[in-house]
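Undergrad: Please read through the structure below; I'll follow up with questions.
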Amino acid sequence: MPAKRKFLHYLLLLLQFIFCTSLDNFTETQTFKEGNLLVSKGNKFAFGFFSPGSSNNRYLGIWFHEVSEPSVVWVANRNNPLSGSTGFLSINQYGNLVLYSNPDQKVLVWSTNISVEVSDACVAQLLDTGNLVLLQSRSKRILWQSFDYPTDTLIPGMKIGQNWKAGMNWILTSWISANDPGSGDYSLELNPRGSPQFLLYKDSRIYWRSIPWPWRKISDVYNYSYVNNEEEAYYFYHMFDASVIMRGVVDNSGFIKWLRWQKSEGRWKEFWSVPKYQCDLYAQCGVSSKCTPGSPDIFECSCLPGYEPKSPNDWNLRDASKGCIKKQQDPSSLCDHRERFVKVGNVKVPDTSAAVWVNKNLSLLGCEQECKKNCSCSAYATIDIVGRASGCLTWYGQLWDTVDHIDERYDLYIRVDGVEPANNESKSNAFLGKEQRILTISVGLAWFTVFFFAYLWLRRRRKGMRNKWENKVFDPINGSIYYKNTMVACELGGNSHPPDITFFDLSTIVVATNSFSPTNKLGQGGFGSVYRGQLSNGQEIAVKQLSKNSVQGIEEFKNEAMLIAKLQHRNLVKLLGCCIQGGEKILIYEYLPNKSLDSFLFDETKRSSLDWSKRFDIIIGIARGILYLHQDSRLRIIHRDLKCSNILLDSEMNPKISDFGTARIFRADQIQEKTNRVVGTYGYMSPEYAVFGQFSVKSDVFSFGVVLLEIVSGKKSNGCNQENPSICLIGQVWELWREDNVLEIVDSILEESYPPDEVLRCIQIALLCVQENAVDRPTMLEVVLMLSSETAIPSPKKPAFIFRASSSSNTNTLKVVGEGSSSVNEVTITTFVAR
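For the sequence shown, the positions run -22 to -1, 1 to 813 when mature numbering (1 follows the signal peptide of the UniProt record, and there is no 0) is used.
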């Protein structure tokens, strides 16, 4: 090449490098390099190289150009990152976009890999829809487009579904993490079988399922189109207002989120997300059952009409994974006129993969008749369809994932064995003969006599049991009273057993614990002894036996038995049942192999296994458990005895709050309550509770603050300072806080292998929790938000210092020093119950 021509060639490349940011396409004559940026004409999207989060790897991708927060919508080389700081993209002689890690084009990182014959020059162009297209410059025929290879994000105009003719499968796959856009565990796809529905997979297992088509439209925000023909089936959406920026994302934690860019706040705002409830997870209650959500972590399972639990024992232990099976049916009644349909109202209908649309404008009765024609039809539903009055959907075989649904409500009709439907009965019953009328009256009188004598028997039975208080169990949530006699329970005024609680026979517990052998003893508390046991099915249990000498009695036992049975959260210990027999009062819990937090935290050998990461996870878990008690459970619960020995650890060191014997229920409008009997543990009690007997949700907040300081420091709350033996842990931390040297309190075994900012934030939150005035303390919701974000938090006020003035076996004298040094309250508590 002549020198002059060579000079002009390099000058052209230099100009292309400088002005590439103003182009919305590049050609075969260009090389797209690190530092270049391709921006769409409307300035909405940009295409170039980026590093996600804290990663040092480089990727080629597309992101929102108008959005200040990094928001990648597509990644080319998601599973093959560039490890260096260079990357070169060009169009080769075959018309392919190719990405190399070096300028000599020896290491191929990614390619469009098109196999069609290219007749003229190719151009890559970034459209204002966010779609990167490779097309022939003269014919404008699209050879390849990024919309055909989505990553984790769905934007307007992008399809999700299948094209069978072209062999395309448009699915969304989550990133591995915020720092790694590689293909993660979760993928969302459109399943067109039966009635179309979206399925979210975790690996190869269904994790969540949408409602079936037709899906809901939000007319003032967006609309969608669904296409299903011989060649393809797909979904896409468009915005009514083009200035609104919205995207759908499958994130690495398994959530599908619709996010809207809030320009005024400079952040993405969640518009909608799933799964929200535990019932949203696929087939949470097994086959042929219905899941009813409570709060996000609580759910109830019930068999569909005509079905019963496949494994009653597992079902009673709240394990519904085996689902339900069809009840025994009279063979002569199969598929005859005696079968009927039972309505299950307001549900998300079962998985429609095994369902069939009946292509007629059918009424409800017509849909029923259509289902009756086929003996294998197990259920039907009618669903409103745009352009038609309704559509008839019928199911064949097993029914999976039926859920009580809040947003989308359909009525499902289940085929069951039984008499002819009621509407036919009414016609035949309209003209009864004389003999039939006499028979009906006779049957009515017979039933009245049965009920009358049953009432007299129950009344006599209640009177005889009135003084048997050891068998009485009070449900503090529903206000119901139950009686227990060995394995049979009957409700006062009824004949049902207490909900959510299983009664074990004493002989079962004796065998499980080897007659309460000392070798099986796990520990001892204020309630009594705790033993390890194993049931006949191999399940390990923890058996808590009320000691006859315990200061706690039947009231605490009843409170804990009925209260914790109603509470279900991953950070609360799970109660399996109880035993009231032969003078014994026993609670049976899930067995947690790592025992309590204090057995690790205050043990010189074991606490080395608690690095900061585990400690912080434990802190978050405890906070979430208390938040559930205070806000998210059916009623507000005050634990009143939160301490490290009441925090149990499972095999993965996840914390679970235990010991609800002294817990109290608060009304939604209640702020504070007073008691004459102060129960709890010195060093964890708030000053207003220790001195005046006043407790509230802020009492638990104070206890959490003390536990948080213990986890950070590895010191006991009532341990003495060597320099000042009278001062407690709170006082030590406060003095160091004032001296701006509070990190000295951090457990020395961590050896500075912790993030100082995060630890300092935890200490500051703890000091906010132990402030003297209960009004100044944060709520647990505020605590969880402060722990899980980096927002600014207020400076704590001086806490109430609690000193030990004197101690005896029966009396504890407390001095509570407030913010004024002259303010000293001295109170002697003789009813204090140590635990």
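Don't be surprised by glycine CBs; every beta carbon is placed ideally from N, CA and C.
Helix, strand or coil, according to DSSP, for V265 in the structure here?
TA: In this structure, V265 counts as strand in the three-state DSSP scheme.
Undergrad: Taking only the alpha-carbon atoms, compute the straight-line gap between L110 and D126 and give it to the nearest angstrom.
TA: C-alpha separation (whole angstroms): 10 Å.
Undergrad: According to the Cβ coordinates, are D628 and L570 closer than 7 Å?
TA: Yes, the pair counts as a contact, with Cβ atoms nearer than the cut-off.
Undergrad: Report the CB separation of I276 from L166 in whole angstroms; it is logged as a contact under 8 Å.
TA: The Cβ separation is near 26 Å, so there is no contact.
Undergrad: When you compare the region 632 to 641 with the region 290 to 300, are there three or more beta-carbon pairs, one atom per stretch, that lie closer than 8 Å?
TA: Flag = no, the region 632 to 641 and the region 290 to 300 do not touch.
Undergrad: Note the first and the last residue of the continuous beta strand (DSSP E) segment covering F249.
TA: Note, F249: beta strand (DSSP E), R245 to V252.
Undergrad: By DSSP's criteria, W335 is part of a beta bridge. Which residues make up the other side?
TA: In the DSSP output, where bridge partners are listed per residue, W335 has L371.
Undergrad: Report all residues from its chain with a CB closer than 7 Å to the CB of E666; omit the five preceding and five following residues, and keep chain order.
TA: Answer for E666: Q672 and A752, listed in chain order.
Undergrad: In this structure, how does DSSP classify H216 when only helix, strand and coil are distinguished?
TA: Here H216 sits in strand by DSSP.
Undergrad: Less than 7 Å between the beta carbons of L15 and G26, yes or no?
TA: Cβ atoms of L15 and G26: closer than 7 Å.
Undergrad: Between L75 and I154, what straight-line distance do the alpha-carbon atoms span, to the nearest angstrom?
TA: Approximately 25 Å between the Cα atoms of the pair.
Undergrad: Could you tell me the distance, in whole angstroms, from the CA atom of L712 to the CA atom of F682?
TA: The amino acid occupying residue 712 in the given sequence is Trp; Leu does not appear at that position. Each residue's Cα considered, the two are about 16 Å apart.
Undergrad: Quick one: give me the first and last residue of the alpha helix (DSSP H) that V685 is part of.
TA: Note, V685: alpha helix (DSSP H), V675 to S691.
Undergrad: Return the chain-ordered list of same chain residues with a C-beta closer than 7 Å to the C-beta of D258, the five sequence neighbours on each side being excluded.
TA: Closer than 7 Å at the Cβ level, and outside the excluded window around D258, lie W186 and V252.
Undergrad: Determine the DSSP secondary structure at E717, reduced to helix, strand or coil.
TA: Note: E717 maps to coil in three-state DSSP.
Undergrad: By the three-class DSSP mapping on this structure, what secondary structure does D126 have?
TA: D126: helix per DSSP, three-state reduction.
Undergrad: For S611, I'd like the list of residues in its chain whose CB is within less than 6 Å of its CB, leaving aside the five on either flank, ordered along the chain.
TA: Excluding positions up to five away in sequence, the list reads L545.
Undergrad: Answer yes if the region 366 to 383 comes into contact with the region 324 to 343, meaning at least three C-beta pairs across the two stretches below 8 Å, and no otherwise.
TA: Counting Cβ pairs under 8 Å, three or more are found: they touch.
Undergrad: Between the Cα of N57 and the Cα atoms of Y37, E47 and Y72, which residue gives the shortest distance?
TA: Of Y37, E47 and Y72, the residue nearest in Cα terms is Y37.
Undergrad: Cutting at 6 Å between CB atoms, please list the residues of its own chain near S525, excluding the five before and the five after it.
TA: Hits under 6 Å: G506.
Undergrad: For H216, count neighbouring C-beta atoms within 10 Å of its own C-beta (all shown protein chains included) and say buried if the count is 16 or more, exposed if not.
TA: Classification of H216: exposed, given that the 10 Å Cβ count is below 16.
Undergrad: Ignoring anything shorter than 3 residues or poking outside the region 24 to 70, list the beta strand (DSSP E) runs there in chain order.
TA: Whole beta strand (DSSP E) segments, 3+ residues: 37 to 42, 50 to 53 and 66 to 69.
Undergrad: Within the continuous beta strand (DSSP E) that includes residue 820, where are the two ends?
TA: Outside the shown range of the chain, which is -22 to 813, sits residue 820, and nothing can be said about it.
Undergrad: Put D292 into one of helix, strand or coil per three-state DSSP.
TA: If DSSP states are grouped into helix, strand and coil, D292 belongs with the helices.
Undergrad: Roughly how many whole angstroms lie between the Cα atoms of V748 and L714?
TA: Near 15 Å, if we compare the C-alpha coordinates of L714 and V748.
Undergrad: Straight-line CA distance for Y391 to D181?
TA: Each residue's alpha carbon lies about 33 Å from the other.
Undergrad: Can you tell me which of the three DSSP states D382 falls into?
TA: In the structure shown, D382 sits in a strand (DSSP, three-state: E or B).
Undergrad: I need the straight-line Cα distance from A744 to N34, nearest angstrom please.
TA: A744 and N34: Cα-Cα distance of roughly 36 Å.
Undergrad: Alpha carbons only, please: which of L60, I69, G73 and T90 is nearest the one belonging to N80?
TA: Out of L60, I69, G73 and T90, L60 has the C-alpha closest to the C-alpha of N80.
Undergrad: Below 8 Å, can you find three or more Cβ-Cβ pairs linking the region 618 to 626 to the region 762 to 770?
TA: The answer is no - the region 762 to 770 does not touch the region 618 to 626, with fewer than three Cβ pairs under 8 Å.
Undergrad: Below 8 Å, can you find three or more Cβ-Cβ pairs linking the region 570 to 580 to the region 315 to 323?
TA: Counting Cβ pairs under 8 Å, fewer than three are found: no touch.
Undergrad: May I have a chain-ordered list of the beta strand (DSSP E) segments no shorter than 3 residues that lie completely inside the region 485 to 559?
TA: Complete beta strand (DSSP E) runs here, min 3: 499 to 502, 506 to 512, 518 to 524 and 553 to 559.
Undergrad: For A668, report the span of its alpha helix (DSSP H) as first-last.
TA: Per DSSP, A668 belongs to the alpha helix (DSSP H) from P665 to F670.
Undergrad: What are the start and end residues of the beta strand (DSSP E) that includes K304?
TA: Its beta strand (DSSP E) spans residues C302 to K304.
Undergrad: Work out the CA separation of L687 and I741 for me, nearest whole Å.
TA: Using only the alpha carbons, I get a separation of about 7 Å.
Undergrad: Using DSSP's beta-bridge definition, name the partner residues of A240.
TA: Reading the sequence as shown, one finds Gln at residue 240 and not Ala. In the DSSP output, where bridge partners are listed per residue, Q240 has R245.
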